[in-house]
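>
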Amino acid sequence: MERAGVELNGVRYRWPKQPVVVVCIDGGDPAYFEQGVRDGVVPHVARFLKQGFGAVADGDMPSFTCPNNMSITTGAPPAVHGISGNFYLDRATGEAVVMTGPELLRSRTLMAEFSRHGAKVASITAKDKLRKQLGKDMDVAGGSVNFSSECADQATLAEHGIEDVLGFVGRPKPDIYSPELSLFVLEAGVKLLAERRPDILYLSLTDYIQHKYAPGEPEANRYYANMDTLFGRLDALGAVVALTADHGMNDKSNADGSPRVIWLQDVLDRYFGKGSSTVICPITDRFVAHHGALGGFVRVYCGERLDPRDVMNVAKGLDGVEAVFDRGTAALKFDLPLDREGDVVVIGRADTCIGAAEADHDLSGLKGHRLRTHGALAETKVPFILNRPLSAAYAKRAAARALRSRELFDFAINGVDA
Ligand SMILES: [Zn+2]
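Residue numbers (the working numbering): 2 to 419.
(1) Following the continuous beta strand (DSSP E) through Leu244, name the residue where it begins and the one where it ends.
(2) Please say whether Pro63 and Ala376 have beta carbons closer to each other than 8 Å?
(3) Take Arg13 and list the residues in its own chain whose beta-carbon comes closer than 7 Å to its own, dropping the five residues that flank it on each side.
(4) Tell me whether Arg234 is buried or exposed, calling it buried when 16 or more other Cβ atoms sit within 10 Å of its Cβ.
(5) Leaving aside the five residues before and after Gln36 along the sequence, list all residues of the same chain whose C-beta is less than 6 Å from its C-beta, in chain order.
(6) Assign Glu305 to buried or exposed, taking buried as 16 or more other Cβ atoms, counted over all protein chains shown, within 10 Å of its Cβ.
(7) Figure out for me which residue from Asp236, Leu244, Arg4 and Arg172 has the closest Cα to the Cα of Cys25.
(8) Going straight from the alpha carbon of Glu359 to that of Val268, what length do you get?
(9) Tell me which same chain residues have a C-beta within less than 6 Å of the C-beta of Phe326, skipping the five on either side of it?
(10) Compare the C-alpha of His362 against each of Leu319, Lys128, Ser406 and Ile263 and name the closest.
(11) Helix, strand or coil: how does DSSP classify His292 here?
(12) DSSP state of Glu35, grouped into three classes?
(13) Which of helix, strand or coil does DSSP assign to Asp327?
(14) Go ahead and pull the three-state DSSP assignment for Thr381.
(15) Should Thr66 be counted as a contact of ligand 1 given a C-beta to heavy atom distance under 7 Å?
(16) Which of the three DSSP states is assigned to Ala401 in this structure?
(17) Please state whether DSSP places Ala360 in a helix, a strand or coil.
(18) Alpha carbon to alpha carbon, how far is Phe148 from Leu9? Give it in angstroms, no decimals.
(19) Under the three-state reduction of DSSP, which class applies to Val81: helix, strand or coil?
(20) What does the alpha-carbon distance come out to for the pair Thr353 and Tyr214?
(21) Is Pro68 helix, strand or coil when you go by DSSP?
(22) Quick one: Cα of Lys51 to Cα of Pro44, how far?
(23) Over the uninterrupted alpha helix (DSSP H) stretch that includes Asp229, give me the two end residues.
(24) For Gly28 and Thr374, I'd like the C-alpha separation in whole angstroms.
(25) The alpha helix (DSSP H) with Asn415 in it runs from where to where?
(26) Helix, strand or coil for Leu90 per DSSP?
(27) Can the beta-carbon of Tyr89 be found less than 8 Å from the beta-carbon of Arg328?
(28) Name, in chain order, the residues that DSSP records as bridge partners for Cys303.
(29) Within a Cβ cutoff of 8 Å, which residues of the same chain sit near Arg261, ignoring the five residues on either side of it in sequence?
(30) At what residues does the beta strand (DSSP E) containing Leu426 begin and finish?
(31) Per DSSP, which residues does Leu204 bridge with? Please list them.
(32) Short of 7 Å in beta carbon distance, which residues of its chain neighbour Ala1, apart from the five on each side in sequence? Order them along the chain.
(33) Evaluate Ser406 with the Cβ neighbour count: other Cβ atoms within 10 Å of its Cβ, from every protein chain shown; 16 or more gives buried, anything less gives exposed.
(34) What residues are listed by DSSP as bridge partners for Thr374?
(35) Does the Cβ of His248 lie closer than 7 Å to at least one heavy atom of ligand 1?
(36) Quick one: what's got a C-beta closer than 7 Å to Arg15's C-beta in the same chain, skipping five residues either side?
Printed below as a string of structure tokens:
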């Protein structure tokens, strides 16, 4: 008898007949696979594209890590799941709130929902910051697991559903600033698939390599070749393998290699006075801006005496700005939660990033690398690749319109013939 599936955010998911693995390649701009295929370094992915399905899909705005991981795993936009950045400004307190807390997530993930219906699921992330949201309400009593490679040595049966992850995977704990942090996630996925055969696996990597290296650079190709080997092993173990990314990545540097930045807080302070507005860069992990805190999307919160329309007029006139929206329009256009939106949204052009005040950003961490980052409309394009051909119904759907990365679970579970 066929087991009933689950329903989440208006989509019906059947019970997987074979394991389904969805991999979110953090910062995995489609250009990396395109270049990798041309350079012959990703033979398994090249085969998936021939025998399975491949397209370029749209991720959600802002093109940041947390919102898109939650969109992919809930099958819904930020307006539904509530995560619209890595942090937001609480209007009541004026405090910046980190958006990684499970209490801020307004939907369950598919992994949590399936686990509660008795499926064995695995959610593995590179960085620990995503782990709690992805595993919110997950039932780990029945063989499901939820852990990060960053904190692999701290996993417990009670909280993570697994202990001694390092012994299980047979590798040392990887450095947080290394490609191994991501490869460990894939290795763990291969091992779990081989030994425990979960019904659903979600493997979420980090964009350490993509922030540093452009498509085709030796370090990027090496990383993609290593990933490809592990994708091949997931495929050989009989899983449906689906690949996407949370966002793309673009070079936002001047010809001389320095970052091309609009220091928006400095501009607004000059026009309207210090303290009249707060520019929030929701790409950053903390409120105090540090290395990597530059992206293509910022929110401006206006003080009582500042009219958002005046901010919009100034921002629209800046070279390097692609689009400016007021709060309501941004929320409507990008399906964002209105209560967590700024008064004004400013989006950079593909070649320009937007920062707050120059003095608050420490760029020393770039160490001579060109600035590669994301957050803007230009970085919403992501791969949408399956190792199996689509059913007739899903092939028709894919041909009819542009796909969204948050449909990938639907395609991987419902859209391939078993
Ligand atoms: Zn990311």
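Positions of the beta carbon are idealized from the N, C-alpha and C atoms, including for glycine.
Working from what's here:
(1) Val241 to Thr245
(2) One detail in the question is off: residue 376 reads as Gly in this sequence, not Ala. Yes; because the gap between Cβ atoms is below 8 Å, this pair is in contact.
(3) Gly6
(4) buried
(5) Pro216 and Gly217
(6) exposed
(7) Leu244
(8) 10 Å
(9) Val346
(10) Ile263
(11) Caution applies to His292, whose pLDDT of 45 falls short of 50 and renders its modelled position unreliable; the value that the coordinates give is listed next. Coil.
(12) helix
(13) strand
(14) coil
(15) yes
(16) helix
(17) helix
(18) 23 Å
(19) helix
(20) 17 Å
(21) helix
(22) 11 Å
(23) Pro219 to Ala237
(24) 9 Å
(25) Leu409 to Asn415
(26) strand
(27) no
(28) Ser278
(29) Lys253, Ser254, Asn255, Gly321, Asp352, Thr353, Cys354 and Leu372
(30) Outside the displayed range of the chain (2 to 419) lies residue 426, so it cannot be described from this structure.
(31) Val24 and Ile125
(32) Residue 1 cannot be examined here, being either before or after the span of the chain that is shown, 2 to 419.
(33) buried
(34) Asn251
(35) yes
(36) Gly6, Ile414 and Asn415
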